[in-house]
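In our numbering, the protein residues as written are 1 to 282.
Glycine residues also receive a C-beta, built at the ideal position from the N, C-alpha and C atoms.
One structure is given below, encoded as structure tokens.
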């Protein structure tokens, strides 16, 4: 298969409409239809069921959509990493580190300062991203290394080193009747009166069902807590970021959160190895 054919198929499979897919790709619809038919003939399977009203994926089409996305991501990642390696060899870009905005607020500055003091350190660009985006940035080559948080982020297929494990606290408005407690249980947190837990985006960008507000980033989250619209479980190190009108109460039976430094397993970057060594030493 050619990457062009995969891009064509993924566009149709995501849009489930040949006209919209053609507009998205910037081509006419007839050659797009011919390319999909040619791909089906070559593979010997039907990828799409289509009639005058609808387009639907077959079982084989669903497999190719999943595998095709991964293959295209790998091609794009190879492109980005190769370009950045060339820039670094010419004295250009250094390392790109992805981390969740508002997370690892104590660890990150210590890591950057300690690494900058190393004799062979390169420039580190910090890419602050929204909730759940760090893993994708690392896998598609836009970042060389990332700070991820278990059990929320997936590290499958990545190399990692554990850096710190923390207990969680529940963050709620300071005026809430339970804000003065020495600790709370998960059962209490899940049933806080008038404070439904927020809904985080899933890997496909959608949100699970539930009464809590949809949350995209930490600044939005803190605003909603301050307004008395939600409460949230966060690692204990979040205390340094809380606003004066918020309280943090320990939740001993909540799952612990482990911060890891993660990178692609095939990386041979000396600069990346130096950053990882510094992180594990800290």
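In whole angstroms, what is the alpha-carbon distance linking residue i and residue j?
{"i": "residue 165", "j": "residue 23", "result": "48 angstroms"}
{"i": "residue 184", "j": "residue 250", "result": "6 angstroms"}
{"i": "residue 16", "j": "residue 53", "result": "11 angstroms"}
{"i": "residue 116", "j": "residue 134", "result": "22 angstroms"}
{"i": "residue 176", "j": "residue 216", "result": "24 angstroms"}
{"i": "residue 156", "j": "residue 267", "result": "16 angstroms"}
{"i": "residue 142", "j": "residue 104", "result": "20 angstroms"}
{"i": "residue 209", "j": "residue 194", "result": "17 angstroms"}
{"i": "residue 55", "j": "residue 75", "result": "27 angstroms"}
{"i": "residue 136", "j": "residue 101", "result": "15 angstroms"}
{"i": "residue 243", "j": "residue 236", "result": "15 angstroms"}
{"i": "residue 212", "j": "residue 239", "result": "22 angstroms"}
{"i": "residue 261", "j": "residue 219", "result": "23 angstroms"}
{"i": "residue 66", "j": "residue 248", "result": "41 angstroms"}
{"i": "residue 42", "j": "residue 81", "result": "31 angstroms"}
Can you name, in chain order, every residue of its own chain whose Cβ lies under 6 angstroms from the Cβ of residue i, other than the five neighbours on each side?
{"i": "residue 192", "result": "231"}
{"i": "residue 234", "result": "171"}
{"i": "residue 159", "result": "263, 265"}
{"i": "residue 280", "result": "161"}
{"i": "residue 173", "result": "228"}
{"i": "residue 45", "result": "60"}
Considering just the uninterrupted stretch of the alpha helix (DSSP H) at residue i, what are its terminal residues?
{"i": "residue 255", "result": "Looking at the DSSP string, residue 255 is not in any alpha helix (DSSP H), and its letter there is neither H nor E."}
{"i": "residue 219", "result": "218 to 226"}
{"i": "residue 339", "result": "Summary: the structure shown does not reach residue 339, with the chain confined to residues 1 through 282, and so no result is reported for it."}
{"i": "residue 45", "result": "Element bounds for residue 45: n/a, residue is neither H nor E."}
{"i": "residue 8", "result": "3 to 15"}
{"i": "residue 115", "result": "107 to 116"}
{"i": "residue 188", "result": "186 to 189"}
{"i": "residue 280", "result": "270 to 281"}
According to DSSP, residue i sits in a beta bridge with which residue or residues?
{"i": "residue 261", "result": "147, 161"}
{"i": "residue 235", "result": "168"}
{"i": "residue 55", "result": "50"}
{"i": "residue 173", "result": "246"}
{"i": "residue 96", "result": "125"}
{"i": "residue 214", "result": "199"}
In terms of residues, what are the limits of the beta strand (DSSP E) holding residue i?
{"i": "residue 246", "result": "246 to 250"}
{"i": "residue 126", "result": "124 to 129"}
Got a sec? Which residues, its chain only, sit under 7 angstroms from residue i by beta carbon, not counting five neighbours each side?
{"i": "residue 9", "result": "36, 39, 47, 64, 68"}
{"i": "residue 207", "result": "199, 201, 214"}
{"i": "residue 225", "result": "171, 172, 173, 231, 232, 246"}
{"i": "residue 154", "result": "135"}
{"i": "residue 278", "result": "111, 114, 115, 118"}
{"i": "residue 19", "result": "29"}
If you drop the 5 nearest sequence neighbours on each side, which residues of the same chain put their C-beta closer than 8 angstroms to that of residue i?
{"i": "residue 72", "result": "3, 6, 7, 10"}
{"i": "residue 108", "result": "99, 126, 147"}
{"i": "residue 256", "result": "165, 166, 167, 168"}
{"i": "residue 189", "result": "170, 197, 231, 233, 251, 254"}
{"i": "residue 58", "result": "45, 46, 47, 48, 49"}
Compute the beta-carbon to beta-carbon distance between residue i and residue j, rounded to the nearest angstrom, for a pair I have assumed lies under 8 angstroms.
{"i": "residue 124", "j": "residue 94", "result": "6 angstroms"}
{"i": "residue 272", "j": "residue 140", "result": "Not really, about 17 angstroms apart at Cβ, beyond 8 angstroms."}
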